[in-house]
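Below is one structure, written out as structure tokens; the observations come after it.
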Amino acid sequence: MGIKGLTKLLADNAPKAMKEQKFESFFGRKIAIDASMSIYQFLIVVGRSGTEMLTNEAGEVTSHLQGMFTRTIRLLEAGIKPVYVFDGQPPDLKKQELAKRYSKRADATEDLQQAMEAGNKEDIEKFSKRTVKVTKQHNEDCKRLLRLMGVPVIEASSEAEAQCAALCKSGKFQVYAVASEDMDSLTFGAPRFLRHLMDPSSRKVPVMEFEVAKVLEELNLTMDQFIDLCILSGCDYCDSIRGIGGQTALKLIRQHGSIEHILQNINKERYSIPDDWPYQEARQLFQEPLVCTDDEQLEMKWNAPDDEGLITFLVNENGFNGDRVTKAIEKIKAAKNKSSQGRLESFFKPVGNTSIPIKRKGTKCMLQFPKPMLKSKILSPQVCKFSRPKGFGSMPTLGLDFKHSAAFSRGVCFGT
1 MGIKGLTKLL ADNAPKAMKE QKFESFFGRK IAIDASMSIY QFLIVVGRSG
51 TEMLTNEAGE VTSHLQGMFT RTIRLLEAGI KPVYVFDGQP PDLKKQELAK
101 RYSKRADATE DLQQAMEAGN KEDIEKFSKR TVKVTKQHNE DCKRLLRLMG
151 VPVIEASSEA EAQCAALCKS GKFQVYAVAS EDMDSLTFGA PRFLRHLMDP
201 SSRKVPVMEF EVAKVLEELN LTMDQFIDLC ILSGCDYCDS IRGIGGQTAL
251 KLIRQHGSIE HILQNINKER YSIPDDWPYQ EARQLFQEPL VCTDDEQLEM
301 KWNAPDDEGL ITFLVNENGF NGDRVTKAIE KIKAAKNKSS QGRLESFFKP
351 VGNTSIPIKR KGTKCMLQFP KPMLKSKILS PQVCKFSRPK GFGSMPTLGL
401 DFKHSAAFSR GVCFGT
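Per UniProt numbering, residue 1 is the first one in the sequence shown, and the count goes up by one each step.
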């Protein structure tokens with residue numbers, strides 16, 4: 001479920017925290033992806049027609065493999081570096097939510113049977129999707145596929161969204177953002193969150209990027225208050241107060257500052273507080289989730305694809321078309337070479353000229369360009385030295401539109 005109604009709440013109250021991005025704008029970025037959410041999407045959408053899904057000769061579903069294979073290649077071709085994070089053991093607080101989901105799938109199965117007996121195609125399509133469940137086998141299949149593709153896989157200690165957020169927050173792994181469709185990645189504190197990154201290109205839906213710092217600024221809340229807002233709105237770890245939606249929750253948090261103070265002042269005749277409401281435990285889970293911190297288990301390497309392994313797994317074992325898989329492998333190899341170029345801003349690395357002593361007037365700096373950019377023929381292979389306040393106007397070999405620069409004791413700062 002994620003956080004109920006959070007997207008609309010932010011669109012109405014914190015629009016500056018959301019921005020549409022082109023898929024290609026994440027070139028060179030490491031993105032942590034909630035694998036289970038992606039697999040669920042593939043099982044619902046890829047190759048589905050009513051109750052029929054893509055299968056191999058043994059009758060085993062392969063929609064998740066088809067979706068994971070093609071969407072991951074699309075990411076790689078765009079120069080994006082995906083790292084897929086898989087769920088571990090769910091927290092105890094989630095047991096109630098999981099029980100609700102099980103009950104809903106059981107109800108949907110009954111409704112589906114009735115729709116099939118009545119021959120109602122629209123209801124068959126609707127209820128068949130509600131019966132979908134990501135199994136352990138689906139996860140294991142996708143882990144094997146991704147490793148054969150040379151894409152890193154991380155197994156979370158508990159919630160994948162929490163692990164993704166931790167990777168992004170640490171800065172140690174240079175993960176730019178978390179990609180999922182559930183908004184609770186923001187509640188776990190992910191600095192940046194992306195929706196629709198895994199949508200098929202045919203939908204032509206822009207990627208929506210959220211920044212948690214701007215969310216807090218726009219809502220005028222602290223992180224702890226934002227967590228309380230999400231709990232009141234509705235999350236996976238406890239019931240919410242009946243009758244309190246996102247807008248009312250935001251108003252109450254702004255007025256009282258925390259759930260404790262809200263409970264002290266709320267009209268209990270109008271609003272019914274759940275018995276033994278574990279909101280404090282839910283808050284603690286969002287603030288300090290169980291995540292893996294072992295560097296060895298969090299290692300991220302994008303390797304060359306295993307050609308033979310992919311052919312064996314996809315073609316021989318799961319009935320994929322051999323020619324298409326071979327062509328796809330070539331795409332992966334080409335994409336790996338492309339992504340190794342890096343983002344443009346990484347080419348500009350100020351280097352202090354330590355052999356020259358610092359002077360009060362005319363501090364000398366040196367701007368050095370790495371080999372990849374020199375090979376692109378955008379720049380001539382030379383090192384430029386200059387003294388303050390000289391700018392780029394006298395550097396004819398650089399066709400870059402910088403308006404001014406300022407020299408410091410080490411390196412150069414570019415401005416507009």
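Think of the CB as a built atom: it goes at the ideal place given N, C-alpha and C, for glycine as much as any other residue.
Reference A160; option with closest CA among F27, F188, R74, F173 = Comparing alpha carbon positions, the residue from F27, F188, R74, F173 closest to A160 is F188.
ask   = Between C235 and the rest of its own chain, which residues show a CB-CB distance below 6 Å, the 5 nearest in sequence each way excluded?
value = Once the five neighbours on either side are set aside, the close Cβ partners of C235 are I3.
query = Taking the alpha carbon of Q297 as the point to measure from, which residue in E77, Y84, F69 has its own alpha carbon closest?
reply = Of the candidates E77, Y84, F69, the residue whose Cα lies closest to the Cα of Q297 is Y84.
ask   = Which one of T326, R105, E211, D199 has the shortest CA to CA distance from G67?
value = Just measuring C-alpha positions, the residue of T326, R105, E211, D199 sitting nearest G67 is D199.
query = Which two residues bound the contiguous alpha helix (DSSP H) that contains A137?
reply = Sequence inspection shows Gln at residue 137; the Ala mentioned does not correspond to that position. For Q137, the enclosing alpha helix (DSSP H) begins and ends at 136-149.
ask   = Just the Cα atoms here: how many angstroms apart are P15 and G245?
value = Their Cα atoms are separated by approximately 19 Å.
inquiry  = Distance check for R270 and T135, CA to CA, integer angstroms please.
reply    = In this structure, the CA atom of T135 is about 41 Å from the CA atom of R270.
Local conformation of I154 per DSSP, three classes = Strand.
Spatial distance of V325 from E140 (CA atoms) = Per the coordinates, the alpha-carbon of V325 lies some 20 Å from the alpha-carbon of E140.
DSSP three-state assignment for A304, whether helix, strand or coil = If DSSP states are grouped into helix, strand and coil, A304 belongs with coil.
query = When we look at the beta-carbon of K81 and count the other beta-carbons within 10 Å, is it buried (16 or more) or exposed?
reply = Counting Cβ neighbours within 10 Å, K81 comes out buried, since at least 16 surround it.
key: the stretch 40-47 touching the stretch 170-179, judged by at least three CB pairs closer than 8 Å   = No, the stretch 40-47 is not in contact with the stretch 170-179.
request  = Please report how far the alpha carbon of E209 lies from the alpha carbon of S25, in whole angstroms.
outcome  = Their backbone Cα atoms lie some 11 Å apart in a straight line.
query = For R192, which residues of its own chain have a beta-carbon under 8 Å away from its beta-carbon, when the five flanking residues on both sides are left out?
reply = Within the same chain, R192 has close Cβ partners C168, Y176, A177, V178, E209, F210, E211, V212.
ask   = Going by other Cβ atoms of all chains shown within 10 Å of its Cβ, with 16 needed for buried, is G79 buried or exposed?
value = By the neighbour-count rule (16 or more Cβ atoms within 10 Å), G79 is buried.
Exposure label - T222; buried when at least 16 CB within 10 Å = Counting C-beta atoms within 10 angstroms of its own C-beta, T222 has fewer than 16 neighbours from the protein chains shown and is therefore classed as exposed.
query = If you draw a straight line from the alpha carbon of V45 to that of D224, how long is it in whole angstroms?
reply = Taking the Cα positions, V45 is about 36 Å away from D224.
ask   = Based on the DSSP secondary-structure assignment, which residues constitute the bridge partners of E209?
value = Bridge partners of E209: K19, L194.
message = With the cut-off set at 7 Å, would you say N56 and N267 are in Cβ contact?
response = No. Outside cutoff.
inquiry  = Quick check: the Cα distance between I262 and L250, rounded to an integer number of angstroms?
reply    = Computed Cα separation, rounded: 11 Å.
query = Are three or more beta carbon pairs between the stretch 87-94 and the stretch 281-288 nearer than 8 Å?
reply = A contact exists between the stretch 87-94 and the stretch 281-288.
key: Cβ distance (whole Å) where S158 is taken to contact P305 below 8 Å   = In this structure, S158 and P305 do not form a Cβ contact; the two beta carbons are roughly 30 Å apart against a cut-off of 8 Å.
task = Would you kindly work out how many angstroms separate the C-alpha atoms of S36 and T248, rounded to a whole number?
result = Straight-line Cα distance between these residues: approximately 31 Å.
task = Compare the C-alpha of M149 against each of E308, D323, N316, G322 and name the closest.
result = It is E308.
query = How long is the line joining the alpha carbons of F69 and F313, rounded to whole angstroms?
reply = Using only the alpha carbons, I get a separation of about 12 Å.
ask   = chain C beta carbons: is any one of them nearer than 7 Å to that of Q137?
value = Among the chains in the structure shown there is no chain C, since it carries only a single protein chain.
ask   = Taking the alpha carbon of L65 as the point to measure from, which residue in I332, L310, K333 has its own alpha carbon closest?
value = With distances taken between Cα atoms, L65 lies closest to L310.
ask   = Does the separation of the CB atoms of V207 and L194 fall below 7 Å?
value = Cβ distance < 7 Å, so V207 and L194 count as in contact.
key: Residue(s) in a DSSP beta bridge with K95   = Partner(s): none; K95 has no beta bridge.
ask   = Once you ignore the five residues that flank I259 on each side, which residues in its own chain have a CB closer than 6 Å to its CB?
value = Cβ neighbours of I259 beyond the five flanking positions: D228, Y279.
inquiry  = By the DSSP assignment, the beta strand (DSSP E) with D34 in it spans what residues?
reply    = First-last of the beta strand (DSSP E) with D34: 30-34.
request  = Take F86 as the anchor and find which of Q137, M18, L76, Q21 has the nearest alpha-carbon.
outcome  = Comparing Cα-Cα distances from F86 to each of Q137, M18, L76, Q21, the minimum goes to Q137.
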